[in-house]
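Asks: Below is the structure I would like to discuss, written out as structure tokens.
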Amino acid sequence: MFLSSLAFGQTKYEKDFNEFWNDVKNNYSYFDQQQINWNKVKELYLPKVKQITNDNDFIQFMETVLNEFYNGHISLNTHLNSSNQIIPSGQDMFVQKQKNKFFITDLRKGFGADLSGLQIWDEIILFNNKSIPEQIEKFLPKFTTTHSQEMYQYALNMLFAGTHNTKRTITINKNGKQVDFFPDNLQNKEAKNLIETNKLNKTTAYIKLNNSLGNFKTIDDFDKAVDEFMGFKNLVIDLTETASGGNSTVARCIMGRFISKTMPYQQHEFDEKEFQTQRKWVEYVKPRITQYKGNVFVIVGHWTGSMGEGIAIGFDGLKKAKIIGTEMAKLLGATNGFTMSETNIGFQIPTERLYHINGTPREKYKPTILTQNIDETLKKMYEIK
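Numbering (our numbering), first residue to last: 465 to 849.
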């Protein structure tokens, strides 16, 4: 009777937070790797949820809770105008802290930051007319006071991605003078086609996937491009603009054009927590249609996310391509969706860990030819003969 009264006395937001907390406890696959103190998270946030009286405030509250995971692969399925952009898909610059200064170390080609005139290695001294350190605090996990490099990088990515309803002002140090840039005054050059193709030189062809790894029509378009370029010595597959993920069917169809026998390309690991055991399996890719026999190069970057990352480690594991580029988006695992019962707000979390076929966690993988930014990557690409 007493327990029943407690449950009845909860607001719908308390019920949903508790349901969320339990769903994550029972299904999240990266607690050990990230060393997240999930009990501490409940201790910190449960008192706060008791004060919430409307859905908008609850969404804002849950967005703050998600910062405890410090990774872009955990998100709500809804947002407010005041919500932060999701990373990496809503991000157009990559900023890193070096010796207590903040530098743009990479730019997303054709997006606002790039179009506004900002350049790689520009030093940022203010964001929205405020100092950077005071603004990243809100994105750092609260379950600990000892913050890792990964936590700080997540906070920087979130800050510079900005919110949906505020135009960003980026203040740069140009030869000792402050210069303002306004990346949101320019419209991103969104790609019109699922893929782009080109001939880089007489021996090297090029196929770019335009954030289209979740579209089954990409398979037909990719097949036509590969067929067209069969006679070329080299083929570059550009995954630098695959920030929004995709599905493994498209991925396997792409990789299947480059192998002559069924081969493993990725490992999965899933905890059966209730029984204190684990499922582990290898995913395979089968040959499709006719195979391209030349040299393959895959270029990747900070906006290669999720399924794009899977294709990159897949090609590497298949030993069918050289991978060129920066570190990737480092999105964790394979996600599943859940819905909170009272508010019907959905969320996704990684429930399976993913690995290169050699056992390297996908988020830890580094390209065989490692670069610092997209400019270096493209330079390497144009050197292919």
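In this text, a Cβ means the ideal position worked out from N, Cα and C, and glycines have one as well.
These figures come from a predicted structure and were not determined experimentally.
For the alpha helix (DSSP H) that contains residue 801, what are its first and last residues?
Replies: On the sequence shown, position 337 is the one that residue 801 refers to. Per DSSP, residue 801 belongs to no alpha helix (DSSP H); it is in the beta strand (DSSP E), 798-803.
Asks: Along the chain, which unbroken stretches of the alpha helix (DSSP H) at least 4 residues long are found entirely within the stretch 699-731?
Replies: 712-719
Asks: In the DSSP output, which residue or residues are listed as bridge partners for residue 772?
Replies: Residue mapping note: residue 772 aligns to position 308 of the sequence shown, counting from 1. Its beta-bridge partners do not exist; DSSP assigns none.
Asks: Go ahead and pull the three-state DSSP assignment for residue 544.
Replies: Within the sequence shown, numbered from 1, the residue matching residue 544 stands at position 80. Coil at residue 544, not helix or strand.
Asks: For residue 710, count the other beta carbons within 10 Å of its own beta carbon; 16 or more makes it buried, fewer makes it exposed. Which is it?
Replies: The residue you call residue 710 lines up with position 246 of the sequence shown. Counting the other CB atoms within 10 Å of its CB gives residue 710 a total of 16 or more, which places it among the buried residues.
Asks: By Cβ distance below 7 Å, which residues in the same chain neighbour residue 450 in space, the five residues on each side in sequence not counted?
Replies: Residue 450 cannot be examined here, being either before or after the span of the chain that is shown, 465 to 849.
Asks: Out of 618, 587 and 558, state which residue places its alpha-carbon closest to the alpha-carbon of residue 601.
Replies: Sequence index remark: in the sequence shown, residue 601 carries index 137 (1-based). Of the listed residues, the one whose Cα sits closest to residue 601 is 618.
Asks: In the structure shown, what three-state DSSP assignment does residue 811 receive?
Replies: Sequence index remark: in the sequence shown, residue 811 carries index 347 (1-based). DSSP places residue 811 in strand when its eight states are reduced to three.
Asks: At the level of alpha carbons, what is the spacing between residue 512 and residue 755?
Replies: As a position in the sequence shown, residue 512 is number 48, starting the count at 1. As a position in the sequence shown, residue 755 is number 291, starting the count at 1. For residue 512 and residue 755, the distance between alpha carbons rounds to 58 Å.
Asks: Closest to residue 546 by CA distance: which of 820, 664, 827 and 625 is it?
Replies: By 1-based counting over the sequence shown, the position of residue 546 is 82. Closest option to residue 546, Cα to Cα, is 625.
Asks: Between the C-alpha atoms of residue 650 and residue 556, what's the straight-line distance to the nearest angstrom?
Replies: Start at 1 with the first residue of the sequence shown, and residue 650 comes out as number 186. Start at 1 with the first residue of the sequence shown, and residue 556 comes out as number 92. Whole-angstrom Cα-Cα distance: 12 Å.
Asks: Of the choices 834, 842, 588 and 690, whose alpha-carbon is the least far from that of residue 637?
Replies: Start at 1 with the first residue of the sequence shown, and residue 637 comes out as number 173. Of the listed residues, the one whose Cα sits closest to residue 637 is 588.
Asks: Tell me where the beta strand (DSSP E) around residue 660 begins and ends.
Replies: Along the sequence shown, read from residue 1 onward, the residue named residue 660 stands at position 196. DSSP places residue 660 inside the beta strand (DSSP E), whose first and last residues are 659-663.
Asks: Buried or exposed for residue 743, please, with buried defined as at least 16 other CB atoms from any protein chain shown within 10 angstroms of its CB.
Replies: For the purposes of this step, residue 743 is taken as the residue at position 279 of the sequence shown. It counts as exposed.
Asks: For the beta strand (DSSP E) containing residue 538, list its first residue and its last residue.
Replies: Position 74 of the sequence shown, counted from the start, is the residue given in the question as residue 538. Note, residue 538: premise wrong, no beta strand (DSSP E); not H, not E.
Asks: Taking its Cβ as the centre, do 16 or more other Cβ atoms sit within 10 Å of residue 685, making it buried, or is it exposed?
Replies: Residue 685 sits at position 221 when you count from the first residue of the sequence shown. The residue is buried, with at least 16 neighbouring Cβ atoms inside 10 Å.
Asks: Counting Cβ pairs closer than 8 Å, one from the stretch 602-616 and one from the stretch 489-508, do we hit at least three?
Replies: yes
Asks: On the three-pair Cβ rule with 8 Å, is the stretch 786-799 touching the stretch 722-731?
Replies: Result no; under three Cβ-Cβ pairs closer than 8 Å.
Asks: Taking the DSSP output, what are the residues bridged to residue 749?
Replies: By one-based count along the sequence shown, residue 749 stands at place 285. Beta-bridge pairing links residue 749 to 727.
Asks: Please report the residue range of the beta strand (DSSP E) in which residue 506 lies.
Replies: Taking the first residue of the sequence shown as 1, we reach residue 506 at position 42. From DSSP, residue 506 is part of no beta strand (DSSP E) but of the alpha helix (DSSP H) over 502-513.
Asks: Three or more C-beta pairs closer than 8 Å, one from the stretch 626-635 and one from the stretch 654-667: is that the case here?
Replies: The stretch 626-635 vs the stretch 654-667: no contact.
Asks: Per DSSP, which one or two residues make a beta bridge with residue 558?
Replies: One-based indexing of the sequence shown puts residue 558 at position 94. DSSP output for residue 558 lists 570 as bridge partner(s).
Asks: Alpha carbon to alpha carbon, what distance is there between residue 478 and residue 468?
Replies: Working through the sequence shown from its first residue, we reach residue 468 at position 4. Working through the sequence shown from its first residue, we reach residue 478 at position 14. For residue 468, the predicted model reports a pLDDT of 43, less than 50, meaning its position is unreliable and no value from the coordinates is stated.
Asks: Here's a check: name, in chain order, each residue in its chain whose Cβ is nearer than 6 Å to the Cβ of residue 781, leaving out the five neighbours to either side.
Replies: Looking up residue 781 in the sequence shown gives position 317. Around residue 781: 729, 820 and 821.
Asks: Whole angstroms is fine: what's the gap from residue 746's alpha carbon to residue 732's?
Replies: Taking the first residue of the sequence shown as position 1, residue 746 is located at position 282. Taking the first residue of the sequence shown as position 1, residue 732 is located at position 268. Approximately 6 Å, taken between the alpha carbons.
Asks: Count the other CB atoms within 10 Å of the CB of residue 644; is the residue buried (16 or more) or exposed (fewer)?
Replies: The residue you call residue 644 lines up with position 180 of the sequence shown. With fewer than 16 Cβ atoms within 10 Å of its Cβ, residue 644 is classed as exposed.
Asks: Under 7 Å Cβ to Cβ from residue 599, same chain only, skipping five residues before and after it: list those, please.
Replies: As a working mapping, residue 599 is identified with position 135 in the sequence shown. Excluding sequence neighbours, residue 599 sits near 591 and 623.
Asks: Is the beta carbon of residue 702 closer than 9 Å to that of residue 672?
Replies: Here residue 672 refers to the residue found at position 208 when the sequence shown is read from its first residue. Here residue 702 refers to the residue found at position 238 when the sequence shown is read from its first residue. At a Cβ-Cβ threshold of 9 Å, residue 672 and residue 702 count as neighbours.
Asks: Quick one: measure Cβ to Cβ for residue 689 and residue 769, integer angstroms, because I've assumed they're closer than 8 Å.
Replies: Position 225 of the sequence shown, counted from the first residue, corresponds to residue 689. Position 305 of the sequence shown, counted from the first residue, corresponds to residue 769. The pair is not a contact, with the Cβ atoms about 22 Å apart (cut-off 8 Å).
Asks: Quick one: what does DSSP say residue 673 is sitting in, helix, strand or coil?
Replies: For the purposes of this step, residue 673 is taken as the residue at position 209 of the sequence shown. Three-state DSSP puts residue 673 in a strand.
Asks: Between which two residues does the beta strand (DSSP E) carrying residue 876 extend?
Replies: For residue 876 there is no data in the structure shown, the boundaries of the chain being 465 and 849.
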